[in-house]
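J.: Residue numbers (this note's numbering), protein chains in the order written: chain A, 7 to 120; chain B, 108 to 243.
(1) Can you pull the chain A residues whose beta carbon is under 7 Å from the beta carbon of residue 144 (chain B), in chain order?
(2) On the DSSP bridge list, what partners appear for residue 181 (chain B)?
(3) Less than 8 Å between the CB atoms is what I'm expecting for residue 66 (chain A) and residue 54 (chain A), so what's the real figure, rounded?
(4) Run through DSSP, which three-state label would residue 14 (chain A) get?
(5) Starting from residue 141 (chain B), find everything on chain A with Cβ-Cβ shorter than 7 Å and list it in chain order.
(6) Can you pull the chain A neighbours of residue 120 (chain B), defined as C-beta to C-beta under 8 Å?
(7) Nearest by alpha-carbon distance to residue 63 (chain A): which of A:103, A:44, A:78 is it?
(8) Mind checking if residue 111 (chain A) is an interface residue toward chain B, Cβ cutoff 9 Å exclusive?
(9) Excluding the five sequence neighbours on either side, which residues of its own chain have a C-beta within less than 7 Å of the C-beta of residue 222 (chain B), listed in chain order?
(10) Of all the residues that make up the segment 211-228 of chain B, which are near chain A by a beta-carbon distance shorter than 7 Å?
(11) For chain A, is any of its Cβ atoms less than 9 Å away from the one on residue 164 (chain B)?
(12) Cα separation between residue 56 (chain A) and residue 109 (chain A)?
(13) So that I know if they touch, is there some Cβ in chain A lying closer than 9 Å to that of residue 114 (chain B)?
(14) At which residues does the beta strand (DSSP E) containing residue 237 (chain B) begin and terminate?
(15) Verify the CB distance criterion: does residue 151 (chain B) have a CB-CB separation below 9 Å to chain A?
(16) Quick one: using the 10 Å Cβ neighbour count with 16 as the cut-off for buried, is residue 108 (chain B) buried or exposed?
(17) Who are the neighbours of residue 39 (chain A) on chain B, taking C-beta pairs under 7 Å?
(18) Comparing the C-beta of residue 100 (chain A) with each C-beta of chain B, is any distance below 9 Å?
(19) Between residue 169 (chain B) and residue 236 (chain B), is the Cβ-Cβ spacing less than 9 Å?
(20) Using only alpha-carbon positions, find the residue among B:216, B:131, B:155, B:146 that is nearest to residue 121 (chain B).
(21) So which of B:227, B:143, B:145, B:216 has the shortest CA-CA distance to residue 194 (chain B)?
(22) Among residues of its own chain, excluding the 5 on either side of residue 115 (chain B), which ones have a beta-carbon nearer than 6 Å to its beta-carbon?
(23) For residue 170 (chain B), which three-state DSSP category applies?
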């Protein structure tokens, strides 16, 4: 699934990272716990999280995750946006809950990590 | 190649800076991305532990042709029960740390899974030294 299709599916808005809209995202992983995210070694995943602070960006950097979707209508701070730009990680948000956003994407065919 | 990075206590705004710099170095050395990810996940977990649980410390990185050696040394207060700390899901993290997305009790277990050789010195009232070796 391309990132642009993911955003359409969850009524998401891209805050930064237009160049990632055509990224082919293979799997989704939803968590607010960054240590859980760090256990994932798969590539081409999107991180779906309610954790709206720099730590979600840092964790994505460490795990080679290029796309982050914030849930529950959480808007990223300017600081987060600056960091995402520097690390070339796309940042989007959806008004939906973690459960609903993940459910919609799963139903559309986005695969889980496990 | 030898590099040292200072890691402060409690300041999450800089969490990951040392790991990020080490990651850049490893990338320049053309180490396979999957291997870099494994190494960096362990280094990042250890760096976050220094910020979350210690009085501050440093990350020391030594890279040779066939191995990466990372030593993370803090200045205390030491781990009271290392066996418990190595158990998945067990954590002494404060609410502040949990709000940052950490404190799930997966730090040391993640580190153990990622490295080829792990040695830990710790004692309550003393410092903690985590020595990680990764074969390339």
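Just so you know, even glycine gets a beta-carbon here, dropped at the ideal spot from N, CA and C.
T.: In brief:
(1) Working through the second chain from its first residue, we reach residue 144 (chain B) at position 37. Residues of chain A passing the Cβ test: 47, 69, 70.
(2) For the purposes of this step, residue 181 (chain B) is taken as residue 74 along the second chain, with counting starting at 1. Partner(s): B:164.
(3) By one-based count along the first chain, residue 66 (chain A) stands at place 60. By one-based count along the first chain, residue 54 (chain A) stands at place 48. That pair is no contact at about 11 Å.
(4) Taking the first residue of the first chain as position 1, residue 14 (chain A) is located at position 8. Helix, per DSSP.
(5) As a working mapping, residue 141 (chain B) is identified with position 34 in the second chain. Per Cβ cutoff of 7 Å: 47.
(6) In the second chain, the residue the question calls residue 120 (chain B) occupies position 13. Scanning chain A for C-beta atoms nearer than 8 Å to the C-beta of residue 120 (chain B) yields 60, reported in chain order.
(7) In the first chain, residue 63 (chain A) corresponds to position 57, counting from 1. Of the listed residues, the one whose Cα sits closest to residue 63 (chain A) is A:44.
(8) Start at 1 with the first residue of the first chain, and residue 111 (chain A) comes out as number 105. Chain B has no Cβ within less than 9 Å of the Cβ of residue 111 (chain A).
(9) In the second chain, the residue the question calls residue 222 (chain B) occupies position 115. Counting only Cβ-Cβ distances below 7 Å, and skipping sequence neighbours, we find 149, 239, 240, 241.
(10) Cβ contacts with chain A come from 211, 213, 214, 217.
(11) Looking up residue 164 (chain B) in the second chain gives position 57. Not an interface residue.
(12) Numbered from its first residue, the first chain carries residue 56 (chain A) at position 50. Numbered from its first residue, the first chain carries residue 109 (chain A) at position 103. Put simply, the backbone Cα of residue 56 (chain A) is about 15 Å away from that of residue 109 (chain A).
(13) Counting from 1 along the second chain, the entry for residue 114 (chain B) is found at position 7. For residue 114 (chain B), no CB of chain A lies under 9 Å from its own CB, so it is not counted at the interface with that chain.
(14) For the purposes of this step, residue 237 (chain B) is taken as residue 130 along the second chain, with counting starting at 1. Per DSSP, residue 237 (chain B) belongs to the beta strand (DSSP E) from 235-242.
(15) Against the second chain, residue 151 (chain B) aligns to sequence position 44. For residue 151 (chain B), the nearest CB of chain A lies under 9 Å from its own CB, placing it at the interface with that chain.
(16) In the second chain, the residue the question calls residue 108 (chain B) occupies position 1. The Cβ neighbour count for residue 108 (chain B), taken over all protein chains shown within 10 Å, is under 16; the residue is labelled exposed.
(17) To locate residue 39 (chain A), count along the first chain from 1; it is residue 33. Going along chain B in sequence order, the residues near residue 39 (chain A) (Cβ under 7 Å) are 208, 211.
(18) Position 94 of the first chain, counting from 1, holds the residue named residue 100 (chain A). Judged by the 9 Å Cβ criterion, residue 100 (chain A) is not in contact with chain B.
(19) Translated into the one-based positions of the second chain, residue 169 (chain B) becomes position 62. Translated into the one-based positions of the second chain, residue 236 (chain B) becomes position 129. The Cβ-Cβ distance between residue 169 (chain B) and residue 236 (chain B) does not fall below 9 Å.
(20) Working through the second chain from its first residue, we reach residue 121 (chain B) at position 14. Comparing C-alpha distances from residue 121 (chain B) to each of B:216, B:131, B:155, B:146 shows the shortest one belongs to B:155.
(21) For the purposes of this step, residue 194 (chain B) is identified with residue 87 of the second chain, where counting begins at 1. Nearest of B:227, B:143, B:145, B:216 to residue 194 (chain B), Cα basis: B:216.
(22) By one-based count along the second chain, residue 115 (chain B) stands at place 8. If we look at residue 115 (chain B) and ignore the five residues flanking it on each side, its Cβ neighbours are 163.
(23) Along the second chain, read from residue 1 onward, the residue named residue 170 (chain B) stands at position 63. Strand, per DSSP.
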